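Below: the structure, in structure tokens.
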Amino acid sequence: MNIPKIQMQSTFAQLGLNINKPVQEIKQPQAEMNLKQVPATLNIEQARITLQIDSSQARANIGIMTSMQFTDSLASYGKQKALQAIAEKSQEGDRLMRIYTKENAIANIGREKGLRALEGGYTPPAASEDEGVDISAELKPVVINVQRNGMSMDPVMRPPELSYTPGKVEPYMIQYNSLKIDVVGGQLDQMM
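Residues 0 to 191 in numbering that gives the first Met the number 0 are what the sequence shown spells out, letter by letter.
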């Protein structure tokens, strides 16, 4: 005997989702350092040599004298002649005093003075053995002066730029649910 059966067919609901992901953008603008370097100052004073050459003695040696040297030479000559005259007068006095020697002192002294008058007058001093040039050199050191002027910094900081787009989820139905109920085998079989 056929018993009627209930047959059910169901379909599940299918849900679709449209997903827009969130977008986050971060931009970091570069900071500006603004560095300024002031150049250092360097001063150099070049060493100088002071050279002194004194050739006055060399000139005097060849007879070319300055007025001071000529005056000194004449004064020295005059002093020498004065001391020589004093010595001669002293010696002449001693000779005149010795009358016991039976020398004709007055005639001898006169003859000596006459011969001496023919000798000549002033003679310049003898030349020295060295060249008479005095050379002196004075060296001054190099002076180096360094001035550091340093650096200045003026930074400009920029904050980050943020942009955010939130995400969205949109549901939609792909397939709706359904339930179908059927009765199968509705005829009864009477044979047993």
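Note that beta-carbon positions come from the ideal geometry of N, C-alpha and C, so glycine has one too.
Here the structure is a predicted model, which is why all the values come from computation and not from measurement.
First and last residue of the uninterrupted beta strand (DSSP E) at residue i
i: G92; result: No beta strand (DSSP E) holds G92; the alpha helix (DSSP H) holding it covers S66 to M96.
i: N148; result: That residue, N148, is in no beta strand (DSSP E); it is neither H nor E in DSSP.
i: D133; result: D133 to L138
Close Cβ partners of residue i (< 6 Å) along its chain, the five nearest in sequence each way excluded
i: V132; result: S54 and A57
i: K4; result: V183 and G184
i: R94; result: A104
i: D181; result: Q6
i: A59; result: Q68
Proximity below 7 Å, CB of residue i to CB of residue j
i: Q27; j: P159; result: yes
i: I207; j: Q8; result: With the chain represented from 0 up to 191, any question about residue 207 goes unanswered, as that position is not in the structure.
i: L34; j: P170; result: no
i: I108; j: E130; result: no
i: N148; j: V22; result: no
i: I134; j: I52; result: yes
i: V141; j: A74; result: no
Same chain only: Cβ atoms within 7 Å of residue i, ignoring 5 sequence neighbours per side
i: A30; result: P154, V155, M156 and R157
i: N144; result: N42
i: T65; result: S55
Proximity test, Cβ basis, 7 Å: residue i and chain D
i: I105; result: No chain D is part of this structure, which consists of one protein chain only.
Reference residue i, options the options, closest by Cα
i: L50; options: E44, K139 and T65; result: K139
i: N19; options: L178, Y163 and K179; result: Y163
i: Q146; options: I52, A39, S89 and K78; result: A39
i: M152; options: I48, M32, I25 and V142; result: M32
i: E111; options: E87, T100 and K101; result: E87
Unbroken alpha helix (DSSP H) run spanning residue i, endpoints
i: N60; result: S55 to N60
Proximal residues to residue i (C-beta, below 8 Å), its chain only, five neighbours per side dropped
i: N176; result: S9, T10, F11 and A12
Sheet register partners of residue i (DSSP bridge)
i: K101; result: Looking at the DSSP assignment, K101 forms no beta bridge with any residue, so it has no partner.
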